[in-house]
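Below: one structure, written as structure tokens.
Numbering (our numbering), first residue to last: 314 to 393.
Next comes the structure, spelled out in structure tokens:
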């Protein structure tokens, strides 16, 4: 990503306090402790999510979403 982009990162509460994302990605801002997820939806152009239920809320905005399936290989090739 370049100067035209800002990445807002809202991590799971179990890992959000341990993140220093700007150290490695100056275009990223950790908004994990921001109190209103709805306000973050309103200012965003795109949602990148894993298996979180935020996808259902964000879908009402009719904006693009990308799904990060970090364990896709395991999901596809393991017994369920």
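Every residue, glycine too, gets a C-beta built ideally from N, C-alpha and C.
Keep in mind it's a predicted model, so treat the numbers as computed, not measured.
Residue i classed as buried or exposed, judged by whether at least 16 other C-beta atoms fall within 10 angstroms
| i | result |
| --- | --- |
| residue 326 | exposed |
| residue 383 | exposed |
Nearest-angstrom Cβ-Cβ length linking residue i and residue j, presumed shorter than 8 angstroms
| i | j | result |
| --- | --- | --- |
| residue 342 | residue 360 | Not really, about 15 angstroms apart at Cβ, beyond 8 angstroms. |
| residue 378 | residue 371 | 6 angstroms |
| residue 354 | residue 385 | The Cβ separation is near 25 angstroms, so there is no contact. |
| residue 363 | residue 340 | No, residue 363 and residue 340 are not in contact; Cβ-Cβ is about 21 angstroms, not under 8 angstroms. |
Identity of the residue in the options nearest residue i by Cα
| i | options | result |
| --- | --- | --- |
| residue 365 | 356, 350 and 355 | 350 |
Distance between residue j and residue i (C-alpha atoms, nearest Å)
| i | j | result |
| --- | --- | --- |
| residue 336 | residue 346 | 18 angstroms |
| residue 333 | residue 391 | 33 angstroms |
| residue 367 | residue 323 | 11 angstroms |
| residue 328 | residue 344 | 12 angstroms |
| residue 338 | residue 319 | 10 angstroms |
| residue 316 | residue 348 | 26 angstroms |
| residue 356 | residue 369 | 17 angstroms |
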